[in-house]
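J.: Can you keep this structure in mind? I'll have questions shortly.
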Amino acid sequence: MKLPDATPADAFDPLRPRLLRIAYRMLGIVAEAEDVVQEAYLRWHQTDRAAVRDAEAVLVRTVTRLCLDVLKSARVQREQYVGTWLPEPIVETVEGDDLTLTLMMALERLSPLERAAFLLHDVFGMDFDEVAKAIERDPAACRQLASRARTHVREARPRFPVSEGQGRELASAFFTASRSGDVNALQALLAKDVVTYSDGGGKTKAALNPIYGAEKTLRLFDGLFQRSGLRSSKLVHEGAIDGLPAFVTLEADGLLQTTAFAIEEGRIIAIYVTRNPDKLHTIRRAVGEDVT
145 MKLPDATPAD
155 AFDPLRPRLL
165 RIAYRMLGIV
175 AEAEDVVQEA
185 YLRWHQTDRA
195 AVRDAEAVLV
205 RTVTRLCLDV
215 LKSARVQREQ
225 YVGTWLPEPI
235 VETVEGDDLT
245 LTLMMALERL
255 SPLERAAFLL
265 HDVFGMDFDE
275 VAKAIERDPA
285 ACRQLASRAR
295 THVREARPRF
305 PVSEGQGREL
315 ASAFFTASRS
325 GDVNALQALL
335 AKDVVTYSDG
345 GGKTKAALNP
355 IYGAEKTLRL
365 FDGLFQRSGL
375 RSSKLVHEGA
385 IDGLPAFVTL
395 EADGLLQTTA
405 FAIEEGRIIA
415 IYVTRNPDKL
425 HTIRRAVGED
435 VT
């Protein structure tokens, strides 16, 4: 009896999660990553699959090249972005993938090719011959691209990372202190050179520029509390977001918000607040049962 011919989905579907992770790490936006992977699937339909010996290699190359095309236009869009641009927050944590939100921001300062070479080799474990095919450069050039990217990532990586438990405790303490107006407790959590980033995308209220230093950060959160906004903030989720300790809140204005923290030596060195509604659809789906 003749077995039914394999469909395009038979080879593609098992690889979809990996392809989505690659696209998200490249682009920083879930919807764009999903669009890229769907386009790769449509192209896979049109491929002579009988001639393909390694479906994964072909599909990773396709996704990478599509991402590079998107990044060319994304660079222009981000230059015109209102305020600070942060990667879209996601709750998912992939075992063995330590590329946190902080490190993704470091990659934003790289060229698209540097970013691709680093992600494919250092994060997703591809050898440089395969990376070369994916980004259409020779292996030696790919090594140089990844090396330059690695330097930036090394500079952004915490020197003294905290445990998951300690990170969760600090995030919880920050929520309690900031929502109760306890400035002294809040100050005890912050490094002197803490930086606060807030992404509203021009869609809602947020600081347009990063806020540097503990003093200015304390004034920011004290001011938010005094205006009553933080007093009615509702905690809807605690846990890692993009590999960082974080929490999700429903704020007084009815908007969902994520707050994530980079921590070193027991102090918060960076705060990442995402308020742009366009970037919170995935978070809303993840915590939707609690958002009322």
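Position in the sequence shown (from 1) plus 144 gives the number in this note's numbering. The beta carbon of each residue, even a glycine, is placed where N, CA and C say it ideally should be.
Taking the alpha helix (DSSP H) that Leu394 falls in, what are its first and last residues?
T.: Along the sequence shown, one-based indexing puts residue 394 at 250. Run containing Leu394: none in the alpha helix (DSSP H); it sits in the beta strand (DSSP E), 388-394.
J.: Tell me which residues share the same chain as Phe187 and place their Cβ nearer than 8 angstroms to its Cβ, disregarding the 5 neighbours each side in the sequence.
T.: As a working note, residue 187 is residue 43 in the sequence shown. Reading off the sequence shown, one finds Arg at residue 187, where the question assumed Phe. Taken in chain order, the residues that qualify are Thr206.
J.: Using the DSSP secondary-structure output, state which residues sit across from Lys378 in a beta bridge.
T.: As a position in the sequence shown, residue 378 is number 234, starting the count at 1. Paired residues: Leu394.
J.: Determine whether the Cβ of Thr393 lies closer than 8 angstroms to any Cβ atom of chain C.
T.: Protein chains in the displayed structure number just one, and chain C is not present.
J.: Applying the 10 Å Cβ sphere with the 16-neighbour rule, what's the burial state of Gln182?
T.: Position 38 of the sequence shown, counting from 1, holds the residue named residue 182. Exposed.
J.: Pick from Val327, Leu394, Arg292: whose alpha carbon is nearest that of Arg363?
T.: The residue labelled residue 363 in the question sits at position 219 within the sequence shown. Proximity to Arg363 across Val327, Leu394, Arg292 peaks at Val327, based on C-alpha coordinates.
J.: Considering only the alpha carbon of each residue, which of Arg429, Ala177, Ile234 lies closest to Ala388?
T.: One-based indexing of the sequence shown puts residue 388 at position 244. Position check: residue 388 holds Leu in this sequence, whereas Ala was assumed. For the residues Arg429, Ala177, Ile234, the minimum Cα distance to Leu388 belongs to Ile234.
J.: On the three-pair Cβ rule with 8 angstroms, is the stretch 395-402 touching the stretch 241-255?
T.: no
J.: Going by beta carbon distance, what residues of the same chain come within less than 8 angstroms of Lys277, once the five residues before and after it are set aside?
T.: As a first step, residue 277 is located in the sequence shown; it is residue number 133 there, counting from the start. These residues qualify, in order along the chain: Ala201, Arg205.
J.: Report yes if the C-beta distance between Leu159 and Leu203 is below 8 angstroms; otherwise report no.
T.: Along the sequence shown, one-based indexing puts residue 159 at 15. Along the sequence shown, one-based indexing puts residue 203 at 59. Contact: yes.
J.: Could you give the distance in angstroms between the alpha-carbon of Arg281 and the alpha-carbon of Leu251?
T.: Counted from its first residue, the sequence shown places residue 281 at position 137. Counted from its first residue, the sequence shown places residue 251 at position 107. Taking the straight line from one Cα to the other gives about 19 angstroms.
J.: Have a look at Glu308 and Arg411 and give me their C-alpha separation to the nearest angstrom.
T.: Here residue 308 refers to the residue found at position 164 of the sequence shown. Here residue 411 refers to the residue found at position 267 of the sequence shown. Answer to the nearest angstrom: the Cα atoms are 14 angstroms apart.
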